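Residue numbers (this note's numbering): 3 to 128. All C-beta atoms in this analysis are idealised placements derived from N, C-alpha and C, irrespective of residue type, glycine included. All of these numbers come straight from a predicted model, not from anything done at the bench. Just below is one structure, and these are the notes that go with it.
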């Protein structure tokens, strides 16, 4: 298991955001949360890209996860991002960004699944 990481969870659905945050906190990670892509990008900028991993929903109001990922990667090319979606068409959009996006997690997911996908992203792309 990798060492404790600093993660940002960007998700507009409060129940999913809380579920993911709790699962990853229990795995020993430090978690910041944002309710949409614009808020997520602001936190990424404030942290100067200092997150070990950003875990974001794709479909959100204000700024979606893909727009946020593109903007964040333009500012901080080494940033690592995992996206979450329940929509097949959104998954295809994300897969076109394989230089930026490490993984796409299908929603709904279990606590064990989100933990293992995050751990894999942290280990494989360290």
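Best match in the options for proximity to residue i [C-alpha to C-alpha]
i	options	result
residue 36	95, 125, 96, 65	65
residue 28	124, 117, 10	117
residue 60	45, 95, 81	95
residue 25	126, 114, 98, 99	114
residue 41	101, 17, 13, 81	13
Which of helix, strand or coil DSSP assigns to residue i
i	result
residue 59	strand
residue 65	coil
residue 29	coil
residue 91	helix
residue 3	Note that residue 3 scores 48 on pLDDT, short of 50, meaning its location in the model is unreliable and no value can be drawn from it.
residue 11	strand
Residue i and residue j closer than 8 Å at C-beta
i	j	result
residue 56	residue 74	yes
residue 43	residue 34	no
residue 51	residue 81	yes
Residues that DSSP places opposite residue i in a beta bridge
i	result
residue 109	Its beta-bridge partners do not exist; DSSP assigns none.
residue 86	59, 107
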